[in-house]
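Let me begin by presenting the structure, written as structure tokens, before commenting on it.
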Amino acid sequence: MNDSKNLGKGTRTVHAGVEPDASTGAIMTPIFQTSTYVQEAVGVHKGWEYSRCHNPTRAALEAAFAEIESGTHGLAFASGLAAIDTVLKTLKPGDEVIAGQDLYGGTARLFRTNYAPMGIVFHFVDTQEPALVEAAINDKTRLIWLESPTNPLMQITDIAAIAALTKPRGILLAVDNTFASPMLQRPLEHGADIVMHSVTKYLGGHSDVVMGALITADAAIDEPLRTIQNNCGAIAQPFDSFLVLRGLKTLHLRIERHCANGRKIAHWLKANPRVAKVYWPGFEDHPGHDVAKRQMDDFGGMIAFVIKGDNLEQAKKLVATTRLFALAESLGGVESLIEHPAAMTHASVPAEIRAELGISDGFVRLSVGVEDAEDLIADLDQAINATVH
Ligand SMILES: *Cc1c(COP(=O)(O)O)cnc(C)c1O
Numbered sequence: 000m001n002d003s004k005n006l007g008k009g010t011r012t013v014h015a016g017v018e019p020d021a022s023t024g025a026i027m028t029p030i031f032q033t034s035t036y037v038q039e040a041v042g043v044h045k046g047w048e049y050s051r052c053h054n055p056t057r058a059a060l061e062a063a064f065a066e067i068e069s070g071t072h073g074l075a076f077a078s079g080l081a082a083i084d085t086v087l088k089t090l091k092p093g094d095e096v097i098a099g100q101d102l103y104g105g106t107a108r109l110f111r112t113n114y115a116p117m118g119i120v121f122h123f124v125d126t127q128e129p130a131l132v133e134a135a136i137n138d139k140t141r142l143i144w145l146e147s148p149t150n151p152l153m154q155i156t157d158i159a160a161i162a163a164l165t166k167p168r169g170i171l172l173a174v175d176n177t178f179a180s181p182m183l184q185r186p187l188e189h190g191a192d193i194v195m196h197s198v199t200k201y202l203g204g205h206s207d208v209v210m211g212a213l214i215t216a217d218a219a220i221d222e223p224l225r226t227i228q229n230n231c232g233a234i235a236q237p238f239d240s241f242l243v244l245r246g247l248k249t250l251h252l253r254i255e256r257h258c259a260n261g262r263k264i265a266h267w268l269k270a271n272p273r274v275a276k277v278y279w280p281g282f283e284d285h286p287g288h289d290v291a292k293r294q295m296d297d298f299g300g301m302i303a304f305v306i307k308g309d310n311l312e313q314a315k316k317l318v319a320t321t322r323l324f325a326l327a328e329s330l331g332g333v334e335s336l337i338e339h340p341a342a343m344t345h346a347s348v349p350a351e352i353r354a355e356l357g358i359s360d361g362f363v364r365l366s367v368g369v370e371d372a373e374d375l376i377a378d379l380d381q382a383i384n385a386t387v388h
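For the sequence shown, counting from 1, position 322 maps to 321 in numbering that gives the first Met the number 0; every step adds exactly one.
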């Protein structure tokens, strides 16, 4: 859309990427469920040749991703990990990557088990401390990969402070923005070069699609990523692209409710004597609160807590005793989820690293949905009272 920078983020989100269909006027982009496009003569076509390379439904979604992240180029992939894999494929043996210490489990697994053996060198550092990142930089450093807030500890990294280290050195800064969503944080505005999403989570928002995205604001950074998307083929499909275009139209409304519910539940947990510790960046005593307040518009619906006594059996019973909070991996959908990271999402993280980070036996993660907060609190109350002693 023209002049979209002057519009509010709700307006931008509703209209992002979508123009009335040229052939019919359909307000919603059709699902172009086609593999190929008929040419009038050899090389004479309407700009569409083959659906791995281009598809109009995917193109509308990719434009929407760029729009809502304050970028210029968007790419949609078969999964979040396919998007991350695409960034890593731009590297060559000997190149070094500085990565956050509390990454999504699958990201750390991809780095350690697929790219480290190919000769890419990874330094896992606490990106909350820019000085530690600076100390790990050398002339082979090509990429910094970070999440803020992190999964599941809700650690906050000052994106602008890291960008101040990477920009003058020509190092790429990539931010996995899955937990915040562009409604709460737009890393390109803080100096990041690449934004990545597991679209599976908040952007899709309805727990019915697995998809990934990369967004940049620089054609020179986009070009090799786009080439790898086409060469390797891990594209988002037309029907999935349609579902996410539909999901995006309510992203701003959903995130408002996720934040409002998250705020109520975080405070309720903090006041609960059967809860030992609550991780939520909206608390003033959260170590990243000041940075989060500066670079985010609100604090989101992801919360983690440790039950009193930090007992494994009680925590496992708790996550199986809630009725509205479904016991499941993933996050960011309209329905609330609960899980036990040490046994589920972060089981692939070595036990000693989990212990160092604080992902202990009694550690529980919530993805707070958009239901009524009172019902969610009543559900947590009955489950905690029945299982934590
Ligand atoms: C889920 C997730 C991923 C991986 O995305 P998939 O869509 O599952 O491949 C990466 N980063 C974060 C923060 C995630 O939550």
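Even glycine gets a Cβ: it sits at the ideal position worked out from N, Cα and C.
According to DSSP, residues forming a beta bridge with residue i
i    : result
V174 : L145, V194
K276 : V305
T140 : E95
I227 : None; I227 has no bridge partner.
I158 : According to DSSP, I158 bridges with nothing at all.
I234 : F76
Extent of the continuous beta strand (DSSP E) to which residue i belongs
i    : result
G211 : 211 to 215
H388 : Per DSSP, H388 belongs to no beta strand (DSSP E) and is neither H nor E.
S31  : Per the sequence shown, residue 31 should be read as Phe rather than Ser. Neither: F31 is in no beta strand (DSSP E) and is coded neither H nor E.
Reference residue i, options the options, closest by Cα
i    : options                : result
G299 : G118, V37, E255, G332  : E255
K292 : E146, I155, E61, E66   : I155
A59  : I97, L242, V174        : L242
A76  : S69, D84, G70          : At residue 76 the sequence reads Phe, which differs from the Ala that was named. Minimum Cα distance to F76 is reached at D84.
M301 : L317, E338, P29        : E338
D360 : E61, V387, T140, F31   : V387
H189 : L172, L202, H196, A134 : L172
G308 : A259, T126, K276       : K276
K248 : W279, P280, L202, W267 : L202
V86  : F110, I67, A63         : F110
F429 : G368, W279, L252, R11  : Residue coverage of the chain in this structure runs from 0 to 388, which leaves residue 429 outside it and unanswerable.
P55  : P29, H345, R322, V120  : P29
Q313 : Y103, T226, A385, A98  : A385
D371 : V124, I264, V174       : I264
N229 : K8, A81, D239          : A81
I161 : G70, G99, L330, M210   : G99
M117 : I136, D94, A134, V132  : D94
T215 : I67, F31, A327         : I67
N176 : L164, R168, V198       : V198
T33  : V17, D20, R57          : R57
P181 : D138, V208, S147, T165 : S147
Residue range of the unbroken alpha helix (DSSP H) whose run includes residue i
i    : result
H266 : 250 to 269
H122 : First-last for H122: 120 to 124, but that is the beta strand (DSSP E), not the alpha helix (DSSP H).
V208 : Here V208 belongs to no alpha helix (DSSP H), and DSSP marks it neither H nor E.
L247 : 237 to 247
H285 : Taken as a continuous stretch (DSSP letters only), H285 belongs to no alpha helix (DSSP H), as it is neither H nor E.
V13  : 8 to 14
A21  : A21 -> no alpha helix (DSSP H), and no H or E assigned at all.
A130 : 129 to 135
Worksheet entry | Residues near ligand 1, criterion Cβ-heavy atom distance below 7 Å | S78, G79, L80, A81, I83, Y103, G105, T106, E146, N150, D175, T177, F178, S197, V198, T199, K200, V209, M210, G211, S329, L330
Practice prompt. Could you name each continuous beta strand (DSSP E) segment of 3 residues or more that falls completely within the segment 33 to 108, going from the start of the chain to the end?
Written response: 72 to 76, 95 to 99
Worksheet item: Counting only runs that start and end within the segment 297 to 381, where is the beta strand (DSSP E) found for 3 or more residues in a row?
Response: 301 to 306, 336 to 338, 362 to 366
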